[in-house]
Amino acid sequence: MTVIQVSDIAFGYTADKLFQGVTFSLALGERAALVAPNGAGKTTLLRIVAGELAPDTGSVTPRRDTRIGFYRQSHELSLEGTVLEALLSGFQDVVALRHELGEARRKAASGTQADLDSLARLEDRYHLVQGDELERRVEVIAHKLGFGSEQMDRPVASLSGGERGRMHLGLVLAQSPDILLLDEPTNHLDLDTIDWLEKFLVGYAGAVLLVSHDRAFLDNVCPRTLELGHRTFRVYAMPYSQYTVAREEELARERDLVERQQSQIAKTEEFIRKNLAGQKTKQAQSRRKALEKLERMDRPEDVFEIASKMSFRFAPAPRTGEIVLEATGLQASRGGRPLYEGFELLVRRLERVGIVGPNGSGKTTLLKHLAGQCGPDDQGSVRRGSNLCDGFFDQELGSLNPQHNGIDEIRGVRADMNVDTTRGYLARFRFWGDQPFQTVAGLSGGERSRLALAKLLLEPRNLLFLDEPTNHLDIPAAEILEEALINFDGTVVFVSHDRRFLENVSTRVVAFHEGRLEVYQGGYRDWTRRGQAPVLEDPDDEPAQVTRSAPPPAPADSESQRTARKAQFEAAKAAARTAQRKQRRVKELEDLVAQGESKLSEMREQLRAAAGDDWESLSRLAQEEQALARKVEALMNEWTELSEELANEQATLAGVER
Numbered sequence: 000m001t002v003i004q005v006s007d008i009a010f011g012y013t014a015d016k017l018f019q020g021v022t023f024s025l026a027l028g029e030r031a032a033l034v035a036p037n038g039a040g041k042t043t044l045l046r047i048v049a050g051e052l053a054p055d056t057g058s059v060t061p062r063r064d065t066r067i068g069f070y071r072q073s074h075e076l077s078l079e080g081t082v083l084e085a086l087l088s089g090f091q092d093v094v095a096l097r098h099e100l101g102e103a104r105r106k107a108a109s110g111t112q113a114d115l116d117s118l119a120r121l122e123d124r125y126h127l128v129q130g131d132e133l134e135r136r137v138e139v140i141a142h143k144l145g146f147g148s149e150q151m152d153r154p155v156a157s158l159s160g161g162e163r164g165r166m167h168l169g170l171v172l173a174q175s176p177d178i179l180l181l182d183e184p185t186n187h188l189d190l191d192t193i194d195w196l197e198k199f200l201v202g203y204a205g206a207v208l209l210v211s212h213d214r215a216f217l218d219n220v221c222p223r224t225l226e227l228g229h230r231t232f233r234v235y236a237m238p239y240s241q242y243t244v245a246r247e248e249e250l251a252r253e254r255d256l257v258e259r260q261q262s263q264i265a266k267t268e269e270f271i272r273k274n275l276a277g278q279k280t281k282q283a284q285s286r287r288k289a290l291e292k293l294e295r296m297d298r299p300e301d302v303f304e305i306a307s308k309m310s311f312r313f314a315p316a317p318r319t320g321e322i323v324l325e326a327t328g329l330q331a332s333r334g335g336r337p338l339y340e341g342f343e344l345l346v347r348r349l350e351r352v353g354i355v356g357p358n359g360s361g362k363t364t365l366l367k368h369l370a371g372q373c374g375p376d377d378q379g380s381v382r383r384g385s386n387l388c389d390g391f392f393d394q395e396l397g398s399l400n401p402q403h404n405g406i407d408e409i410r411g412v413r414a415d416m417n418v419d420t421t422r423g424y425l426a427r428f429r430f431w432g433d434q435p436f437q438t439v440a441g442l443s444g445g446e447r448s449r450l451a452l453a454k455l456l457l458e459p460r461n462l463l464f465l466d467e468p469t470n471h472l473d474i475p476a477a478e479i480l481e482e483a484l485i486n487f488d489g490t491v492v493f494v495s496h497d498r499r500f501l502e503n504v505s506t507r508v509v510a511f512h513e514g515r516l517e518v519y520q521g522g523y524r525d526w527t528r529r530g531q532a533p534v535l536e537d538p539d540d541e542p543a544q545v546t547r548s549a550p551p552p553a554p555a556d557s558e559s560q561r562t563a564r565k566a567q568f569e570a571a572k573a574a575a576r577t578a579q580r581k582q583r584r585v586k587e588l589e590d591l592v593a594q595g596e597s598k599l600s601e602m603r604e605q606l607r608a609a610a611g612d613d614w615e616s617l618s619r620l621a622q623e624e625q626a627l628a629r630k631v632e633a634l635m636n637e638w639t640e641l642s643e644e645l646a647n648e649q650a651t652l653a654g655v656e657r
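The sequence shown begins at 0 in numbering that gives the first Met the number 0 and counts up by one.
As structure tokens, this is what we get:
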């Protein structure tokens, strides 16, 4: 069942459109990933879907009474009250109904029949919204997001930024909206919590549209990928990793068609120029008229083309000794809680050591301990090797001065670079126009991360300490950083919850596991294959469902019960007849989609094999291929909606038969 339809919308903060031609729909149970480079407008599009912004053109049409929940990176939460009170603040209607019910019960104790009738109606409403389950439902989700029972009374003002982010995520999930809009939901989650969130979303009965830089998360959660461009919007019925392959094939095919058409146009124009006044005047005039009518193909938009040209290169640094770090007897605690003790680690040249573990386990503390930034009560020693030039990248980006602009920050490291050279350097990190002159305080999280990396790369380093380096990077930037680290002629110790980044970069893993620190030879992939990757399993887990409970049956006599059963039976018969019709249509759609996909394969093969000089046939065939692709997509959307409706109706019928 479709819950929202987005039709041909465009939006821009200035006269120049940020995006246009955006069309898609979401059905209950459907999960889609929205992908694009930073700055393309992903968050803006989510805000339009949520109803916070109006599109310049086009329409956004949610189904009647559709509830939308929106988790955003820049959440603004009240600092008043406790964690539990903040979580319950999203259920003001239920809390108000609870107070109203309490008052009605007091009146009904010595009241009139009207008071009793009013109480009965209120109790029906309260049971319908599962009011008695509210605290338990909220606390179960809060626990999964790292808030134990003892933390529910903590003041919100005492929470860190990451904890507030998790609390906000819990609030949105607990409300069970029909549509979940999630903007980077994994940013403040550890590996086991990400694992739980994946399972929660895969089982979620509502629609999900999410933005994330976590490639493994996208693959595991979203079987559909939406690519947002400046002038194009592409829909792929496949997860992210498959989409990256399919889009390259599609772009290559489209570029080839454009080049063939341009080549033939050039030949035709040359023929016209040579023969317009000669013996072949009629032919030249005829070709000129055909050329004027020709619908010219635009070069396909590659939304990641500029990002793919960005490169990270580490400045050359002196070679270190074979032994880079030798840690012995490390011990640390925070707030009276021990984090680790007696820990030993030997780090050799060219190793890339990934530190993993739950939130609050001490990953950043250990990273700083190894970097020599230990607390006053921390114990143990870290012996440093020879010729070390180390750099530290932290989540708070403390190396940046909020009052400086990008030019100031870079020239503070390399005073020999003039303004023009610095602007050119920053352009490699996607700082264009006047952006290098914006203060750090005015930059987004992703922009500050890119600036901190640009600054770090200019200094000769042979040992890097990185704390969540991909947190605010988009996917292309994270992939480029991966490549730079893999080719880095030095040693890296880093903390990350990005599983794909861990898989690609780490050569060893230090894991906080069941209250102790363990060192694993081999990278993150080897560690997961040994079964050490944390997985949350809880017998109290509930399936993630949109709350649509039927009202509890009111006390009734035997006659009313018989009447209700008969009505239920008739409704089930009608549902069964409808289901049969829909089953036939679903089968018909499956055949039509199969035929369409077969025809698409044939047409694409013809396009690949077509002669380059028959540009009219190429253009016509390309247009037919695009029209057929849109038709197949529409058939697949209808199949998805009907299948969902059919599953719901069959569940209803089964319930009556039982």
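C-beta: ideal position from N, C-alpha, C; glycine also. If you're wondering where the values come from, they're calculated on a predicted model, not measured in any experiment.
- Of D194, R629 and R153, the smallest CA-CA separation from Y235 is found for R629.
- Distance from the Cα of L196 is smallest, within the candidate group E268, T280, L144 and N400, for L144.
- Burial is judged here by how many other beta carbons sit within 10 angstroms of a residue's own beta carbon; T421 has at least 16 and is buried.
- By the Cβ neighbour-count rule, L78 is exposed, with fewer than 16 other Cβ atoms within 10 Å of its own.
- One thing to note: V494 has its Cβ no nearer than 8 Å to the Cβ of E513.
- Counting along the chain, A314 sits inside no beta strand (DSSP E), nor does DSSP assign it H or E at all.
- For the pair P299 and F511, the CB atoms are not nearer than the 8 Å cut-off.
- Around the Cβ of G353, a 10 Å sphere holds 16 or more other Cβ atoms; the residue is buried.
- Straight-line spacing of the CA atoms in T22 and R254 works out to 23 Å.
- If you draw a straight line from the Cα of P238 to the Cα of M0, it comes to about 21 Å.
- When the beta-carbon positions are compared, Q605 and L620 come within less than 8 Å of each other.
- Within the segment 62-150, the runs of beta strand (DSSP E) that reach at least 3 residues and sit entirely inside it are, in chain order, 67-70.
- For S332, the enclosing beta strand (DSSP E) covers residues I322 to R333.
- Per DSSP, reduced to three states, the secondary structure at T438 is strand.
- E138 sits buried, since 16 or more C-beta atoms from the chains shown fall within 10 Å of its C-beta.
- In terms of Cβ geometry, T327 and R348 do not form a close pair [threshold 8 Å].
- P459 has its alpha-carbon roughly 7 Å from the corresponding atom of C388.
- Here the C-alpha atom of G361 lies approximately 27 Å from the C-alpha atom of N400.
- Note: V491 is bridge-paired with R351 and L463 in the DSSP secondary-structure output.
- DSSP places T243 inside the alpha helix (DSSP H), whose first and last residues are Y239 to N274.
- When DSSP assignments are scanned along the segment 154-205, the uninterrupted stretches of alpha helix (DSSP H) that are 4 or more residues long and fall wholly within it turn out to be 160-173 and 190-201.
- A residue is called buried once 16 or more other Cβ atoms fall within 10 Å of its Cβ, and S58, having fewer, is exposed.
- According to the DSSP assignment, Q282 belongs to the alpha helix (DSSP H) that extends over T280 to K292.
- Beta-bridge annotation (DSSP): Q520 is paired with R507.
- The beta-carbon separation of E29 and T639, rounded to 7 Å, stays under the 8 Å limit for a contact.
- DSSP lists S58 as the beta-bridge partner residues of S6.
- A370 sits away from F487, with the two beta carbons spaced by 8 Å or more.
- L345 has its alpha-carbon roughly 7 Å from the corresponding atom of I322.
- Setting aside the 5 residues that flank it on each side, R286 is surrounded in the same chain by T267, F270 and I271, each with a C-beta closer than 7 Å to its C-beta; the list follows chain order.
- Take the alpha-carbon of L641 and the one of V585: they are about 7 Å apart.
- As DSSP reads the structure, Q378 sits in a beta bridge with Q330.
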